[in-house]
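Visitor: Under my numbering, the first residue of the sequence shown is numbered 118, with each subsequent residue one higher. First the structure, which I've put down as structure tokens, then a few questions once you've had a look.
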Amino acid sequence: MLVFPNAKINIGLNIVEKRADGYHNIGSCFYPVGWSDALEITLADEFSFRSDGIVIPGNSSDNLCTKAYQMIAADYALPAVKMHLLKSIPIGAGLGGGSADAAFAIKALNEQFDLKISFEKQLDYARRLGSDCAFFISNKPAYCFQKGDEFEDIDLNLKGKWIVLVNPGLHISTVEAYSGIVPKRSEHDLRNVLKEPIENWKFKVKNDFEATLFPKYPLLGEIKEALYQQGALYAAMSGSGSTLFGIFELEKDLQKHFADYKVWQGPLD
Numbered sequence: 118m119l120v121f122p123n124a125k126i127n128i129g130l131n132i133v134e135k136r137a138d139g140y141h142n143i144g145s146c147f148y149p150v151g152w153s154d155a156l157e158i159t160l161a162d163e164f165s166f167r168s169d170g171i172v173i174p175g176n177s178s179d180n181l182c183t184k185a186y187q188m189i190a191a192d193y194a195l196p197a198v199k200m201h202l203l204k205s206i207p208i209g210a211g212l213g214g215g216s217a218d219a220a221f222a223i224k225a226l227n228e229q230f231d232l233k234i235s236f237e238k239q240l241d242y243a244r245r246l247g248s249d250c251a252f253f254i255s256n257k258p259a260y261c262f263q264k265g266d267e268f269e270d271i272d273l274n275l276k277g278k279w280i281v282l283v284n285p286g287l288h289i290s291t292v293e294a295y296s297g298i299v300p301k302r303s304e305h306d307l308r309n310v311l312k313e314p315i316e317n318w319k320f321k322v323k324n325d326f327e328a329t330l331f332p333k334y335p336l337l338g339e340i341k342e343a344l345y346q347q348g349a350l351y352a353a354m355s356g357s358g359s360t361l362f363g364i365f366e367l368e369k370d371l372q373k374h375f376a377d378y379k380v381w382q383g384p385l386d
């Protein structure tokens, strides 16, 4: 079986409060985008995992795809498989690529071997692997809260708009991103603001990480401003960075404009 785990962007990201367990409660809209990895799962004599493309730090035994297989194999009679991941989504880029790989592994194993795992149980498996993972089980626009692993439907349709994602290659760890954050509830309810015309978002839809990371990494702010100069209706950093995105009314080719960086561009669904 061959599946294509896709990235997501954060449209707005409010760090609401620090939890007793050390995590943070957030409020954000997660929106799927087309920048994808490729994951192939085939029958084998023994389990194995390998990856090509972007180098993934750590051992294969630590990869979330491996952990997804082991977690399901503990509950179901799974045969041995060979997993091959072609990694294209930048790592530590605020795009949820690793989380997507794990969630798609869960869904693919369920389908390939007809395990009949319920949707809720797939969500539970995904939550055990990481806060963002559960989003990719449904993989549709959602308002995400708590640790980013609880969801409610959101009436947001950007189909037909064009998105450009620019990754400058800065790896910003979650620890670094949160180190300067003072949690505070936003004065605007994101769910209501996203019902307004997209041109209004620039003034109300904020990513709280930008306030602390842009002064430290001025390049991030420069890329965001460049996206606006190129005609973006809305531009922001995704997650804790370092990917910036711009949403455009019409198709826009900015590969040459951002030639020094990794760029993905395409239509939104």
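Cβ coordinates follow ideal geometry from the N, Cα and C atoms, glycine included.
Quick check on the burial criterion: 16 or more other C-beta atoms within 10 angstroms. Buried or exposed for P149?
Guide: Locating residue 149 in the sequence shown gives position 32, counting from the first residue. P149 should be labelled buried.
Visitor: Cβ atoms of A217 and P122: under 8 Å apart, would you say?
Guide: As a first step, residue 122 is located in the sequence shown; it is residue number 5 there, counting from the start. As a first step, residue 217 is located in the sequence shown; it is residue number 100 there, counting from the start. Going by C-beta atoms, P122 is nearer than 8 Å to A217.
Visitor: Check for me: the beta strand (DSSP E) holding I223 runs from which residue to which?
Guide: To locate residue 223, count along the sequence shown from 1; it is residue 106. Premise fails: I223 lies in the alpha helix (DSSP H), G214 to Q229, not in any beta strand (DSSP E).
Visitor: Would DSSP call V346 helix, strand or coil?
Guide: By one-based count along the sequence shown, residue 346 stands at place 229. Just to set this straight, residue 346 is Gln in the shown sequence, not Val. Looking at Q346 - three-state DSSP - the assignment turns out to be helix.
Visitor: Taking 8 Å as the cut-off, decide whether the C-beta atoms of M354 and G209 are in contact.
Guide: In the sequence shown, residue 354 corresponds to position 237, counting from 1. In the sequence shown, residue 209 corresponds to position 92, counting from 1. Against a cut-off of 8 Å, the Cβ pair of G209 and M354 comes out as no contact.
Visitor: If you compare alpha carbons, which of A194, G215, P196 and A197 is closest to K204?
Guide: On the sequence shown, position 87 is the one that residue 204 refers to. Checked all of A194, G215, P196 and A197; the closest Cα to K204 is G215.
Visitor: Does the Cβ of N180 have 16 or more other Cβ atoms within 10 Å, making it buried, or fewer, making it exposed?
Guide: Working through the sequence shown from its first residue, we reach residue 180 at position 63. A buried status is given to N180, since no fewer than 16 other beta-carbon atoms sit within 10 Å of its beta-carbon.
Visitor: Please state the DSSP three-state secondary structure of F362.
Guide: Walking along the sequence shown from the start, residue 362 turns up at place 245. F362 falls in the strand class under three-state DSSP.
Visitor: If the criterion is Cβ atoms closer than 8 Å, does the pair D154 and I206 meet it?
Guide: Within the sequence shown, the letter at position 37 stands for residue 154. Within the sequence shown, the letter at position 89 stands for residue 206. A contact, by the Cβ cut-off of 8 Å.
Visitor: Would you report the Cα separation of N324 and D241, rounded to the nearest angstrom?
Guide: The residue you call residue 324 lines up with position 207 of the sequence shown. The residue you call residue 241 lines up with position 124 of the sequence shown. C-alpha separation (whole angstroms): 27 Å.
Visitor: If you run the structure through DSSP and keep just helix, strand and coil, what is D162?
Guide: Reading the sequence shown from its first residue, position 45 is the one you call residue 162. Looking at D162 - three-state DSSP - the assignment turns out to be coil, as it is neither helix nor strand.
Visitor: Would you report the Cα separation of D386 and K276, rounded to the nearest angstrom?
Guide: For this step, residue 386 is matched to residue 269 along the sequence shown. For this step, residue 276 is matched to residue 159 along the sequence shown. So the two alpha carbons sit approximately 4 Å from each other.
Visitor: Measuring only the C-alpha atoms, how far is A182 from A222?
Guide: The residue labelled residue 182 in the question sits at position 65 within the sequence shown. The residue labelled residue 222 in the question sits at position 105 within the sequence shown. It is worth fixing the name first, because residue 182 is Cys in this sequence and not Ala. For C182 and A222, the distance between alpha carbons rounds to 6 Å.
Visitor: What did DSSP end up calling C182 once you bin it into helix, strand or coil?
Guide: Against the sequence shown, residue 182 aligns to sequence position 65. Helix at C182.
Visitor: Could you check what DSSP says for Q372 in three-state terms: helix, strand or coil?
Guide: Looking up residue 372 in the sequence shown gives position 255. Secondary structure at Q372: coil, using DSSP grouped into helix, strand and coil.
Visitor: If you measure from the beta carbon of T329 to each beta carbon in chain C, is any gap under 8 Å?
Guide: Within the model displayed, chain C is absent; a lone protein chain is all it includes.
Visitor: Are the CB atoms of L232 and I158 nearer to each other than 8 Å?
Guide: Taking the sequence shown and counting its residues from 1, one reaches residue 232 at position 115. Taking the sequence shown and counting its residues from 1, one reaches residue 158 at position 41. For L232 and I158, no; Cβs fall outside 8 Å.
Visitor: Here's the rule: buried if 16 or more other CB atoms are within 10 angstroms of the residue's CB, otherwise exposed. What is S178?
Guide: Taking the sequence shown and counting its residues from 1, one reaches residue 178 at position 61. Counting Cβ neighbours within 10 Å, S178 comes out exposed, since fewer than 16 surround it.
Visitor: To the nearest angstrom, how far is the alpha carbon of I173 from that of R167?
Guide: Start at 1 with the first residue of the sequence shown, and residue 173 comes out as number 56. Start at 1 with the first residue of the sequence shown, and residue 167 comes out as number 50. In a straight line, the C-alpha of I173 is about 10 Å away from that of R167.
Visitor: When you compare the CB positions of I132 and P300, do they come within less than 8 Å of one another, or not?
Guide: Locating residue 132 in the sequence shown gives position 15, counting from the first residue. Locating residue 300 in the sequence shown gives position 183, counting from the first residue. Contact: yes.
Visitor: Please classify L160 as buried or exposed, where buried requires at least 16 other C-beta atoms within 10 Å of its C-beta.
Guide: Position 43 of the sequence shown, counted from the start, is the residue given in the question as residue 160. L160 comes out exposed.
Visitor: Is M188 helix, strand or coil by DSSP?
Guide: In the sequence shown, residue 188 corresponds to position 71, counting from 1. In this structure, M188 counts as helix in the three-state DSSP scheme.
Visitor: Within a Cβ cutoff of 8 Å, which residues of the same chain sit near E163, ignoring the five residues on either side of it in sequence?
Guide: The residue given as residue 163 occupies position 46 in the sequence shown. Hits under 8 Å: A197.
Visitor: When you compare the CB positions of Q347 and K369, do they come within less than 8 Å of one another, or not?
Guide: As a working mapping, residue 347 is identified with position 230 in the sequence shown. As a working mapping, residue 369 is identified with position 252 in the sequence shown. Yes, the pair counts as a contact, with Cβ atoms nearer than the cut-off.
Visitor: Going straight from the alpha carbon of D270 to that of C261, what length do you get?
Guide: Here residue 270 corresponds to residue number 153 of the sequence shown, with the count starting at 1. Here residue 261 corresponds to residue number 144 of the sequence shown, with the count starting at 1. A direct Cα-Cα distance of roughly 9 Å separates D270 from C261.
Visitor: Grouping DSSP H, G and I as helix and E and B as strand, with all else coil, what is F295?
Guide: Indexing the sequence shown from 1 puts residue 295 at position 178. Reading the sequence as shown, one finds Tyr at residue 295 and not Phe. Three-state result, Y295: helix.
Visitor: State the beta-bridge partners of Y260 as determined by DSSP.
Guide: The residue you call residue 260 lines up with position 143 of the sequence shown. Y260 pairs with C146 and E269.
Visitor: For H141, count neighbouring Cβ atoms within 10 angstroms of its own Cβ and tell me buried if that reaches 16, exposed if not.
Guide: Counting from 1 along the sequence shown, the entry for residue 141 is found at position 24. By the neighbour-count rule (16 or more Cβ atoms within 10 Å), H141 is buried.
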